[in-house]
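Contents: one structure, followed by commentary.
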Amino acid sequence: MLSALWQYFLAVSVWPGLLGGAALGLLYLWIVRKLSARIQGRQGPPFYQPFFDFIKLLGKETVVPGGIDRGLFVVLPIGSLAATTLALAIMPVPGNPAGSFQGDLVLLLYFLEVPMLCDVLAGYVTRSIYGQVSAMREALLCLAYNVPFLGAVVAVAQHARSFRLSDLQAAPSAPVTLLAACAFLLAIPARFKSNPFSIPNAEQEIVAGAHIEYSGVPLAMFELSHALEVVLLVDLFLVLFVPGVGTAGQTAALYLGVSIVLIALVTAIATVTARLTVSGAFRFYWKWGGLAAAAAIVAAVMG
Amino acid sequence: MSAWDKLLAISRRKSPWVYRVGAGSCNGCDIEIGPCMTPRYDAEQMGMLLQGSPKHADILLITGPLTKRTRQAVVDIYAQMPRPKAVVAIGSCPASGNVYEGSPLVDGPVDKAIPVDVWVPGCPPRPQLILAGVAQAARLLADGRTASQRKPAGQTEERPTC
Chain A
16 MLSALWQYFL AVSVWPGLLG GAALGLLYLW IVRKLSARIQ GRQGPPFYQP
66 FFDFIKLLGK ETVVPGGIDR GLFVVLPIGS LAATTLALAI MPVPGNPAGS
116 FQGDLVLLLY FLEVPMLCDV LAGYVTRSIY GQVSAMREAL LCLAYNVPFL
166 GAVVAVAQHA RSFRLSDLQA APSAPVTLLA ACAFLLAIPA RFKSNPFSIP
216 NAEQEIVAGA HIEYSGVPLA MFELSHALEV VLLVDLFLVL FVPGVGTAGQ
266 TAALYLGVSI VLIALVTAIA TVTARLTVSG AFRFYWKWGG LAAAAAIVAA
316 VMG
Chain B
2 MSAWDKLLAI SRRKSPWVYR VGAGSCNGCD IEIGPCMTPR YDAEQMGMLL
52 QGSPKHADIL LITGPLTKRT RQAVVDIYAQ MPRPKAVVAI GSCPASGNVY
102 EGSPLVDGPV DKAIPVDVWV PGCPPRPQLI LAGVAQAARL LADGRTASQR
152 KPAGQTEERP TC
């Protein structure tokens, strides 16, 4: 039996943390690029493309703009990557050596907001006008998509009467699970920053979003952190809404299948829609997202 | 050559991210770059992506004869790109000035301002030729044969602090 320290070390560095998460995240990003290319009638990039993009960025020079806080510039991508890695390590997915503990859902929700905060700070720190516009949009959008997102999580936690992820995972399916899953799904495109909610990173429109001044290793870390964030949200969806079956191996296969369907769904929506304005996204999330969240919470409290 | 260097070389060859700059171009060459990303030519198959920021780019695509007004912008954009980087000059204008040759407003050819690695001739060149130019620039990046990689260590160009 491994000591607790080793268990956490393995969970953070290998699976479901950095190494396994990165492999899965790059796979998801490839599916996104390949599928959107196929929908547009193109061939799309080969399987290894996101991996080579990442390695290439590691080998590039890092250009730090003049007149900004150098320390903060470097710390932000590290913070973003560390938060997503640690969040992955506490996900109770099959094969996680570290156990679930009381209150880990609260810790997870905190970690989930760190990449967003790092992006917002990165936009302001680099003093690029486009970065600042992107940071402002991201901060605003977070007030919108968190309505259905937190509503869904709170409803499931109320249903399971616990803030422990393994309890939420083991909670029996009920009408509230379906309603909360709908609310959660509404929030996912904005969390992925994909169309129609690609408002903060709006390529072409505000050049390159909050990472506009980043290059080399810090940019690679931001890209990896985004890949891990995608894995994290997919994992959270699986843990909250997909009931496990039989052995751990069968559950893992089911999880992988559902996650690929989820990624394909988000990609298909992103490919066939155009970008909304911030006010349009706000209206959508407070109206429909708020409605879904309210329905899920009411169902949780009644049931 | 270590395993890491080999992996890095393959990555550089397989992942050319490009940034476009028009240095007084008539727009003919710019219009020919667009189709490279469309279903007919689909440059993403070879890893090519258009980037909005020069700091994310590996390859600079430059069109036009380099007018006096655009010269400083081109020099600044080149300086902002992180090394290693390559420059592909699209069309006849960057090389010779083409129909603008002798104009008092033109300050070309482009390689007087920034080092050019690949010349793509034509007025305008077809998208296939532009793709071939980008692929060749990516190979130069992988082999360490671009102007940015040949420079002796320690010698850096000036960077604008903006």
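Chains as they are written, first to last, in our numbering: chain A, 16 to 318; chain B, 2 to 163. Here a beta-carbon is modelled for each residue, glycine too, at the ideal position from N, C-alpha and C.
Short of 7 Å in beta carbon distance, which residues of its chain neighbour residue i, apart from the five on each side in sequence? Order them along the chain.
| i | result |
| --- | --- |
| Ala198/A | Pro163, Gly166, Ala167, Gly304, Ala307, Ala308 and Ala311 |
| Val313/A | none |
| Lys69/B | Leu106 and Asp108 |
| Cys163/B | Caution is warranted here: a pLDDT of 41 is assigned to Cys163/B, below 50, making its placement in the model unreliable, and the coordinate value is therefore given only provisionally. Excluding sequence neighbours, Cys163/B sits near nothing in its chain. |
| His57/B | Trp18 |
| Pro65/A | Leu41, Leu44 and Trp45 |
| Ala97/A | none |
| Leu101/A | Val27 and Phe126 |
For residue i, which residues of its own chain have a beta-carbon under 6 Å away from its beta-carbon, when the five flanking residues on both sides are left out?
| i | result |
| --- | --- |
| Ala159/A | Ala296, Phe297 and Tyr300 |
| Val135/A | Ala150, Glu153 and Ala154 |
| Cys157/A | Met131 |
| Pro92/A | Pro233, Met236 and Phe237 |
| Asp43/B | none |
| Thr288/A | Asn210 and Pro211 |
| Glu159/B | With a pLDDT of only 49 at Glu159/B, under the threshold of 50, the placement of this residue in the model should not be trusted, and no figure is reported. |
| Ser143/A | Ile227 and Glu228 |
| Pro128/B | Glu33, Pro36, Cys37 and Tyr42 |
| Thr71/B | Ala24 and Gly25 |
| Thr286/A | Ser51 and Ile54 |
Of the residues the options, which one's Cα is nearest the Cα of residue i?
| i | options | result |
| --- | --- | --- |
| Gly259/A | Leu269/A, Phe252/A, Asp250/A and Leu251/A | Leu269/A |
| Arg85/A | Glu244/A, Gln265/A, Ala285/A and Pro233/A | Pro233/A |
| Ala96/B | Met49/B, Pro126/B, Gln73/B and Met82/B | Pro126/B |
| Leu141/B | Pro85/B, Leu51/B, Gly109/B and Pro122/B | Pro85/B |
| Asp59/B | Tyr101/B, Arg151/B and Trp18/B | Trp18/B |
| Ala170/A | Trp21/A, Ala315/A, Leu20/A and Ile203/A | Ala315/A |
| Ala143/B | Trp5/B, Arg13/B and Met49/B | Arg13/B |
| Leu8/B | Leu243/A, Leu183/A, Ala289/A and Lys71/A | Lys71/A |
| Gly146/A | Val246/A, Asn216/A, Phe126/A and Ala102/A | Asn216/A |
| Tyr139/A | Glu228/A, Ala195/A, Ala97/A and Phe66/A | Glu228/A |
| Leu247/A | Thr99/A, Ser18/A and Val273/A | Thr99/A |
| Ile15/A | Leu39/A, Thr192/A, Val29/A and Leu34/A | Absent from the model: residue 15/A. The displayed extent of chain A is 16 to 318, so no value can be given. |
| Gln117/A | Asp182/A, Ala97/A and Phe69/A | Asp182/A |
| Gly264/A | Glu244/A, Pro109/A, Thr77/A and Phe69/A | Pro109/A |
| Ser230/B | Ile54/A, Gln219/A, Asp68/A and Ala186/A | Given a span of 2 to 163 for chain B in the structure shown, any question on residue 230/B remains unanswerable. |
| Met38/B | Gln137/B, Ala80/B and Leu132/B | Leu132/B |
| Val281/A | Ala186/A, Phe62/A and Pro204/A | Pro204/A |
| Gly74/A | Leu251/A, Ala283/A and Ser230/A | Ser230/A |
Quick one: list the residues of chain A neighbouring residue i, beta-carbon separation under 8 Å, in chain order.
| i | result |
| --- | --- |
| Gln52/B | Ala223 |
| Leu8/B | Ile70 |
| Ser97/B | Per Cβ cutoff of 8 Å: no residues; Ser97/B is ~32 Å from chain A at best. |
According to DSSP, residue i sits in a beta bridge with which residue or residues?
| i | result |
| --- | --- |
| Tyr333/A | There is no way to answer for residue 333/A, as the model of chain A reaches only from 16 to 318. |
| Tyr20/B | Leu61/B |
| Val107/B | Thr68/B |
| Met91/B | It is worth fixing the name first, because residue 91/B is Ile in this sequence and not Met. According to DSSP, Ile91/B bridges with Thr64/B and Val121/B. |
| Leu50/B | Trp18/B |
Identify the contact partners of residue i in chain A, using a Cβ-Cβ distance below 9 Å as the criterion.
| i | result |
| --- | --- |
| Leu132/B | Near Leu132/B there are no residues of chain A at all, since even the closest Cβ is about 13 Å away, more than 9 Å. |
| Ser12/B | Phe66, Phe67, Asp68, Phe69, Ile70, Lys71, Leu72, Leu73 and Gly74 |
| Ser93/B | Near Ser93/B there are no residues of chain A at all, since even the closest Cβ is about 28 Å away, more than 9 Å. |
By the criterion of Cβ-Cβ separation under 7 Å, what are the contact partners of residue i in chain B?
| i | result |
| --- | --- |
| Leu200/A | Ordered by position in chain B, no residue passes the 7 Å Cβ test against Leu200/A, which lies about 28 Å from the chain. |
| Gln58/A | Asp43 and Gln46 |
| Leu44/A | The contacting residues do not exist; Leu44/A stays about 13 Å from chain B at best. |
| Glu218/A | Gly53 |
| Glu76/A | Pro83 and Arg84 |
Just the chain B side, please: which residues come within less than 8 Å of residue i by C-beta, in chain order?
| i | result |
| --- | --- |
| Ala52/A | Asp43 and Glu45 |
| Leu96/A | Chain B residues near Leu96/A: none, gap ~18 Å exceeds 8 Å. |
| Glu228/A | Ser54 and Lys56 |
Apart from the five residues just before and just after residue i, which ones in its own chain have a Cβ nearer than 8 Å to its Cβ?
| i | result |
| --- | --- |
| Ala104/A | Tyr23, Ala26, Val27, Pro31, Gly32, Asn111 and Ala113 |
| Leu180/A | Ile105, Met106, Pro107, Ser115, Asp119, Leu120, Leu123 and Val254 |
| Leu291/A | Pro211, Phe212, Ile214 and Phe299 |
Please compile the residues from chain B whose C-beta is within a distance smaller than 9 Å of the C-beta of residue i.
| i | result |
| --- | --- |
| Ile214/A | None at all; the shortest Cβ gap to chain B is about 15 Å. |
What does residue i touch in chain A if you count any residue whose Cβ is under 7 Å from its own?
| i | result |
| --- | --- |
| Pro40/B | Gln55, Gly56 and Arg57 |
| Lys113/B | Neighbours of Lys113/B on chain A: none; closest Cβ ~24 Å, over 7 Å. |
| Ser3/B | Result: empty, since nearest Cβ-Cβ is about 12 Å, beyond 7 Å. |
Check your understanding: Which residues, taken in chain order from the segment 121-145 of chain A, show a beta carbon closer than 7 Å to some beta carbon of chain B?
Key -> Going along the segment 121-145 of chain A in chain order, one finds no residue with a Cβ nearer than 7 Å to chain B.
Point to revise | Proximal residues, the segment 275-302 of chain A versus chain B, C-beta separation under 9 Å | key: Of all residues in the segment 275-302 of chain A, none has a C-beta nearer than 9 Å to a C-beta of chain B.
Check your understanding: the segment 230-255 of chain A: which residues have C-beta closer than 8 Å to a C-beta of chain B, in chain order?
Key -> Residues Ser230, Gly231 and Leu234.
Review point. Given a limit of 7 Å on CB to CB distance, which residues of the segment 13-26 of chain B reach chain A?
Key: Within the segment 13-26 of chain B, the residues whose Cβ lies closer than 7 Å to some Cβ of chain A are Arg13, Lys15 and Ser16, listed in chain order.
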